[in-house]
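Numbering (full-length UniProt numbering), first residue to last: 1 to 269. Idealized CB from N, CA, C, for every residue including glycine. For clarity, every value in this text was computed on a predicted model and none was experimentally measured.
This is the structure we're talking about:
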């Protein structure tokens, strides 16, 4: 099992120890260490590629690093018929010139190995993967913005919908894909549980923080939520999980996003 870890002490060291105690072999490295990734891919029974540099100021560089990592792992797996599952994102409107679009290069890179006896699969994640450990994700960013501004805001009627999935549900989808003997190589699956209006997300957050809500003009959103969150708040998710359910038997069992916000302490520490 290969996981990129920070060289500094902290939670990642604790995670490494926990995995080692469960019998895993942890291989230290980073996405740029393509030789390490290639060897781990060659030695393993399957590869699930979850890592990505989500620095919004380095979108092009992050995309290039990801493509190089995929090429390294996939090349090492040619002719093995082993599963190689990578992670991408579900397309969202109005953001095609932003980081979401940069993941499509990763999908294209993977596709060239489908005909070379690598069981390739793409799992596309929605904008929000929520649940335990998500304090520093995009929902946490919204919570912090509402707290700082002391008001929850959305553009217009706030009916633009964000895609979401609970972290345990999406983990189950990865497991189902890995264990499937029937999935065709090259399949692309949406790991989408629900579509939630942004207004509803902000309303629950504002209620938890005991602050008012209001509608503002779209041009004010970027300033209110700041970069890069301000460019994301107006997005409308696409995606459909029917094919995913049909091909894998995936079932959404976890909490919905609004319930997670309403009852969890994850985002309100």
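By a C-beta neighbour count over all protein chains shown, 10 Å radius and 16 as the cutoff for buried, is residue 24 buried or exposed? exposed
Residue 213 versus residue 220 - alpha carbon distance: 15 Å
If we ignore side chains and look at the alpha-carbon of each, how far apart do residue 17 and residue 26 end up? 9 Å
For the alpha helix (DSSP H) that residue 144 lies in, which residues bound it at each end? 138 to 149
What does a CB cutoff of less than 6 Å around residue 103 pick up in its chain, not counting 5 residues either side in sequence? 88 and 89
Here's the rule: buried if 16 or more other CB atoms are within 10 angstroms of the residue's CB, otherwise exposed. What is residue 35? exposed
Through-space distance from residue 250 to residue 172, alpha-carbon basis: 8 Å
Cα-Cα separation, residue 14 to residue 59: 29 Å
Give the straight-line distance between the Cα atoms of residue 215 and residue 105, rounded to the nearest whole angstrom. 36 Å
Residue 198: buried (16+ other C-beta within 10 angstroms of its C-beta) or exposed? buried
Bridge partners of residue 59, per DSSP? Beta-bridge pairing links residue 59 to no other residue.
Spell out the partners DSSP gives residue 188 in its beta bridges. 122
Rounded to a whole number of angstroms, what is the C-alpha to C-alpha distance between residue 222 and residue 160? 16 Å
Ends of the beta strand (DSSP E) at residue 213? 213 to 216
Count the CB pairs spanning the region 106 to 119 and the region 199 to 209 that are closer than 8 Å, and state whether there are at least three. no
DSSP state of residue 103, grouped into three classes? coil
Could you check which residue in 268, 238, 267 and 19 has the C-alpha nearest to that of residue 162? 238
Would you say residue 76 and residue 38 are within 8 Å of each other, going by their C-beta atoms? yes
Identify whether residue 87 lies in helix, strand or coil by the three-state DSSP scheme. strand
Can you tell me where the alpha helix (DSSP H) with residue 236 in it begins and where it stops? It is not in any alpha helix (DSSP H) - residue 236 carries neither H nor E in the DSSP assignment.
Taking only three categories from DSSP, how would you classify residue 177? helix
Our contact map puts residue 143 next to residue 268 with C-beta atoms below 8 Å; I'd like the distance itself, whole angstroms only. 7 Å
Using the Cβ count rule (16 or more neighbours within 10 Å means buried), how would you classify residue 66? buried
Nearest to residue 113 (by Cα), restricted to the options 79, 123 and 246: 79
Which listed residue (122, 152, 229 and 179) has its alpha carbon closest to that of residue 191: 122
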